[in-house]
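Contents: one structure, followed by commentary.
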Amino acid sequence: MAQFSLGISEGAQPLHLGACQVYVGTCSWADPNFVKEGQFYPRGVGTDPKKRLQFYSTAFPTVEVDATYHVLQPAERAAHWVEWTPPQFIFTMKAFALFTGHDSDPRRLPKEIVPLIPESLRAVEAVGAGQLPEEVIIACWDYFAAFVEEFIKGGKLGHVLFQFPKGQGYTPELFEHLERWEPYLRRWPVAVEIRHRSWLQEPARTEFFSYLRQKGYAYVIPDMVQRAYLPPPDVEITAPWSIVRFHGRNPAMVERRAPTNRVYDYSYSQDELRPWAQTVRGLSPNLERIFLLFNNHYRGQSARNAREISLLLE
């Protein structure tokens, strides 16, 4: 895969299907398995943050920032990434864990926020948003918003992804949660990913998609193994743009405590990618932009599959 120039001025371009821009990329550029030399990055590049991102931008026109889910990132880091990438490159990013019903490690919160945390919680390994004072959650939102603002100023924000927990079935509380934080969300293109099939069963389905359309939020079309509670790859358009996230089809995705490397160890075949290329072509007349993002990062498979679907669409 190490076949692309390091020239930042020669960055990868989105594909065009009529007036629709197609942004193909991966859901990380710095995951340890993705960085292993020989899988994607040439020797000496994978260990240098600036060269690594510049090299990636010669291969693909977009990337999803996964780090923002795990740890709140400083605005200064966003400014560097904007500077290091070519003008047409855009970033998408996952919302912080506490914003989407996941637990997070309070010990990894920014030093400016730590004093707001009750002392009894500062040493624990994981807390949920409901355990923290509201001033802590607001401070987290402000910190995250400052990070996102750097991409807006640089003209490089694709969207912010709100990925809700695996196994979380339909609940009206999700709508209430999004409404609570709308003063932030209204500033950004927002994508919503649910990971339980009950959201796609009536009457929840109609309510869910009606809400997304009302707000202009994009529904994330998922490609993943069809086991247990996981949602099917239903194609539903709720905004002028769309997104497909390819998680791989490894059955380990529904196993309790399966290691991440195993869950995302999957390589799509041409026969599996070809129908998606046809679907994208069919959707393109009604979209301004569509993202195809690969999350099967183990052993560089996400980059390989992203390149393959790009060739199918050329």
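Throughout the sequence shown, residue numbering follows our numbering, covering 574 to 887 in sequence.
We put the beta carbon where it would ideally sit given N, CA and C, even for glycine.
Given the structure is predicted, the values throughout are model-derived calculations rather than measurements.
In terms of residues, what are the limits of the beta strand (DSSP E) holding residue i?
i: residue 815; result: 814-821
i: residue 589; result: 588-590
Any idea which residues DSSP pairs residue i with across the strands?
i: residue 794; result: 817
i: residue 599; result: 636, 867
i: residue 764; result: 734, 791
i: residue 677; result: 700
i: residue 594; result: 589, 862
i: residue 729; result: None, per the DSSP bridge assignment.
i: residue 739; result: 768
Around the C-beta of residue i, are 16 or more other C-beta atoms found within 10 angstroms, so that it is buried, or is it exposed?
i: residue 887; result: exposed
i: residue 792; result: buried
i: residue 842; result: exposed
i: residue 830; result: exposed
i: residue 807; result: exposed
i: residue 614; result: buried
i: residue 625; result: buried
i: residue 697; result: exposed
i: residue 888; result: Given that the chain is displayed from residue 574 to residue 887, the structure contains no residue 888 and the question cannot be resolved.
i: residue 818; result: buried
i: residue 802; result: exposed
i: residue 730; result: buried
i: residue 820; result: buried
i: residue 699; result: exposed
i: residue 681; result: exposed
i: residue 578; result: Annotation note: pLDDT 38 at residue 578 (below 50); position unreliable, coordinate value reported separately. Exposed, since its Cβ has fewer than 16 Cβ neighbours within 10 Å.
i: residue 804; result: buried
i: residue 635; result: buried
i: residue 589; result: exposed
So residue i is in the alpha helix (DSSP H); what residue range does that whole segment cover?
i: residue 543; result: In the structure as shown, the chain starts at 574 and stops at 887, and residue 543 therefore has no counterpart that could be examined.
i: residue 883; result: 874-886
i: residue 769; result: No alpha helix (DSSP H) holds residue 769; DSSP gives it neither H nor E.
i: residue 715; result: 707-726
i: residue 829; result: Neither: residue 829 is in no alpha helix (DSSP H) and is coded neither H nor E.
i: residue 758; result: 755-758
Counting only runs that start and end within the region 604-666, where is the alpha helix (DSSP H) found for 4 or more residues in a row?
-> Fully enclosed alpha helix (DSSP H) runs of 4 or longer: 605-608, 622-632, 640-643, 648-657.
Contact between the region 704-713 and the region 768-788 (3+ Cβ pairs under 8 Å) | At 8 Å Cβ cutoff, the stretches do not touch.
Would you check if there are 3 or more beta carbon pairs closer than 8 Å linking the region 730-746 to the region 666-682?
-> Remark: three or more beta-carbon pairs, one from each stretch, lie closer than 8 Å, so the region 730-746 and the region 666-682 are flagged as touching.
Looking at C-beta atoms only, is the number of pairs between the region 624-637 and the region 584-595 that lie closer than 8 Å three or more?
-> A contact exists between the region 624-637 and the region 584-595.
Stretch pair the region 748-755 + the region 679-697: three plus CB contacts closer than 8 Å | No contact exists between the region 748-755 and the region 679-697.
Determine, using beta-carbon pairs with one atom in the region 711-730 and one in the region 649-660, whether at least three such pairs fall under 8 Å.
-> Yes, the region 711-730 is in contact with the region 649-660.
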